[in-house]
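Just add 401 to wherever you are in the sequence shown, counting from 1, and you've got this note's numbering.
Glycine included, each C-beta is placed from N, C-alpha and C at the ideal position.
Computed from a predicted structure; not experimentally measured.
First up is the structure itself, then whatever we jot down about it.
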Amino acid sequence: MAALVLSAVLSACGKKGPPSPPVRITPAAPGAFRARQVGLDVVLSATVSGKRTDGTPLGDGTAVQILRMVASPSLRPGAVSERYLVQQFLKQSRPVAAVSGADLGAQVSSGRLQFIDRGAALTQEPAGGLTGGLAYLYGMQVVEPGGGRSPMRPPVLVELAAPPPPPGALQAETAEGEVRLRWEAPASGAGTYNVYRKVQESTREPDVPINPAPLQAPDYTDRAFAYDTNYVYFVRTVALDRRTPCESVAGPPAEVQPHDRFAPAAPTGIAVAVEGGQIRLYWFPSAESDLAGYRIYRRAEGESEARGVGEVAAGESSFADASAVAGVRYHYAVSAIDTAAPPNESPRSEERTERLAPADQRGRTPDGGDGGRD
Numbered sequence: 402m403a404a405l406v407l408s409a410v411l412s413a414c415g416k417k418g419p420p421s422p423p424v425r426i427t428p429a430a431p432g433a434f435r436a437r438q439v440g441l442d443v444v445l446s447a448t449v450s451g452k453r454t455d456g457t458p459l460g461d462g463t464a465v466q467i468l469r470m471v472a473s474p475s476l477r478p479g480a481v482s483e484r485y486l487v488q489q490f491l492k493q494s495r496p497v498a499a500v501s502g503a504d505l506g507a508q509v510s511s512g513r514l515q516f517i518d519r520g521a522a523l524t525q526e527p528a529g530g531l532t533g534g535l536a537y538l539y540g541m542q543v544v545e546p547g548g549g550r551s552p553m554r555p556p557v558l559v560e561l562a563a564p565p566p567p568p569g570a571l572q573a574e575t576a577e578g579e580v581r582l583r584w585e586a587p588a589s590g591a592g593t594y595n596v597y598r599k600v601q602e603s604t605r606e607p608d609v610p611i612n613p614a615p616l617q618a619p620d621y622t623d624r625a626f627a628y629d630t631n632y633v634y635f636v637r638t639v640a641l642d643r644r645t646p647c648e649s650v651a652g653p654p655a656e657v658q659p660h661d662r663f664a665p666a667a668p669t670g671i672a673v674a675v676e677g678g679q680i681r682l683y684w685f686p687s688a689e690s691d692l693a694g695y696r697i698y699r700r701a702e703g704e705s706e707a708r709g710v711g712e713v714a715a716g717e718s719s720f721a722d723a724s725a726v727a728g729v730r731y732h733y734a735v736s737a738i739d740t741a742a743p744p745n746e747s748p749r750s751e752e753r754t755e756r757l758a759p760a761d762q763r764g765r766t767p768d769g770g771d772g773g774r775d
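Next up, the structure:
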């Protein structure tokens, strides 16, 4: 009540209350923080915007600190409030690494920062009484040279355990629109698997497998690749009975450069007609996913070889032959081409025939062009 009275008095006197505290601008906090065990390593990843909370870019010398502490049964997500967990983590955790400079810039540009805590499962630290093995809390914090720090998000828990055995030899073969993979089960017997793919030149660990769910069988068909790209495929065995995602080290990799050497199907539904003093061809649109266009071929009556007279884009399904000479019967065929470099060309369609009436017959009874098969 006293505060309300004071506010009313100040307002009546034309005076303002105490000024609002300034908005604190800090580096933006990392987001979408994930952690998983791979072999004896812990792989951490998060999104880092490279900006402050007001949208301005971070300055030179900024680093992302990777913080870690041993977890205990009483200090972990779910055992205490998030606020208390963050407070204690900031007090007790220690930096294990920092990502900065060109490395940080490259990772921010890629859209996701990644750090591998190598050999984390071998680190000799007390488990704080945690039953079942060593457990860590991990966090990331953006730190500027002047001391500005991003807010700390709740740390993630990683419970380390013996990883499963890796799969055996990986075989890869290419087919139209597919890379078919098959591998050997681990020596210990059947397992569950994740398949990973990366561009050969990349040094970055893939964040997620290409299979949407762990695989029960030792084979997978990839249909989401790009032709003429050098890929490295590898497979890891997955332990599904762990609280922390846990995978084996990768089995032997397979290098693949799928090349599109597969021609589209020949166009169908070819028809020809005389329209407005020209011969026009029609065909059914192709359903090929990598269609680039169509090539039109023509030969005059009595000729043995057809020659190309035009090409249209994938969205077209007709062609007007403006160079046809009146009185000459022509035989037409159409092929499809894809987006490969150089393009693959389908077989030619069935021929259809038509001719323009001679000039002295136009406007009278049509000459009977059949628009049908040769």
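Practice task
Measure the C-alpha to C-alpha separation of Ile738 and Ala727 and round it to an integer number of angstroms.
Solution key: 30 Å
Exercise for the section: Identify the continuous alpha helix (DSSP H) that holds Ser511 and give its terminal residues. Expected result: Gly502 to Ser511
Handout entry: Val600 burial status per 10 Å Cβ neighbour count (16 or more: buried)
Key = exposed
Exercise for the section: Under 7 Å Cβ to Cβ from Pro567, same chain only, skipping five residues before and after it: list those, please. Expected result: Cβ neighbours of Pro567 beyond the five flanking positions: Pro587, Arg637, Thr638, Ser649, Val650, Ala651 and Gly652.
Problem - Val487: first and last residue of the uninterrupted alpha helix (DSSP H) it sits in - result: Glu483 to Gln493
Exercise for the section: Check whether the Cβ atoms of Arg756 and Ile680 sit closer than 9 Å, and answer yes or no. Expected result: Their beta carbons are under 9 Å apart, which means Arg756 touches Ile680 by this criterion.
Problem - Three-pair Cβ contact test at 8 Å for the stretch 573-580 versus the stretch 611-627 - result: Cβ pair count under 8 Å is three or more, so yes.
Handout entry: Rounded separation between Tyr698 and Tyr628 - CA only
Key = 28 Å
Practice task
Report yes if the CB atom of Val609 is closer than 9 Å to the CB atom of Leu514, and no otherwise.
Solution key: no
Exercise for the section: Go ahead and pull the three-state DSSP assignment for Leu523. Expected result: helix
Problem - Local conformation of Thr630 per DSSP, three classes - result: coil
Practice task
Let me know the secondary structure DSSP gives Ala464 once reduced to three states.
Solution key: strand
Practice task
Could you name the residues of the same chain whose beta carbon sits closer than 6 Å to that of Pro431, not counting the 5 residues immediately before and after it, in chain order?
Solution key: Within the same chain, Cβ atoms closer than 6 Å to the Cβ of Pro431 are found at Ala447, Val449 and Met541, the five residues on either side in sequence being excluded.
Handout entry: Beta-carbon proximity check, Pro436 vs Val557, cutoff 9 Å
Key = The sequence shown places Ala at residue 436, not Pro. Yes, these two residues count as a Cβ contact at 9 Å.
Exercise for the section: Run through the stretch 657-705 for me and flag every whole beta strand (DSSP E) of 3 or more residues, listed as ranges in chain order. Expected result: 672-676, 679-683 and 692-701
Practice task
Give every residue of the same chain whose Cβ lies closer than 8 Å to the Cβ of Val443, excluding the five residues on either side of it in the sequence, and list them in chain order.
Solution key: Ala436, Arg437, Ile517, Asp518, Ala521, Ala522, Tyr537, Tyr539, Val559 and Leu561
Handout entry: Where Pro748 sits in the DSSP three-state scheme
Key = coil
Problem - Local conformation of Pro619 per DSSP, three classes - result: coil
Exercise for the section: Identify which residue in Glu712, Arg730, Gln617 and Ile467 has its Cα closest to the Cα of Glu704. Expected result: For Glu704, the nearest C-alpha among the options comes from Arg730.
Problem - Boundaries (first-last residue) of the beta strand (DSSP E) holding Arg435 - result: Gly432 to Val439
Handout entry: Inter-residue CB distance, Val735 and Tyr695 (contact presumed, cutoff 8 Å)
Key = 5 Å
Practice task
Assign Asp739 to one of three DSSP states: helix, strand, or coil.
Solution key: strand
Problem - Assigned exposure category for Val424 - 16 Cβ within 10 Å defines buried - result: exposed
Practice task
Tell me, please, which residues DSSP counts as bridged to Thr638.
Solution key: Looking at the DSSP output, Thr638 sits in a beta bridge with Tyr594.
Problem - The beta strand (DSSP E) enclosing Arg756, as first and last residue numbers - result: Per DSSP, Arg756 belongs to the beta strand (DSSP E) from Arg753 to Arg756.
Problem - Contact set for Gly440: own chain, Cβ-Cβ below 6 Å, skip 5 residues either direction - result: Pro564 and Val650
Handout entry: Beta-carbon proximity of Ala664 to Pro748, cut-off 9 Å
Key = Cβ distance < 9 Å, so Ala664 and Pro748 count as in contact.
Handout entry: Member of Arg554, Val509 and Pro428 whose CA lies at the smallest distance from the CA of Thr454
Key = Pro428
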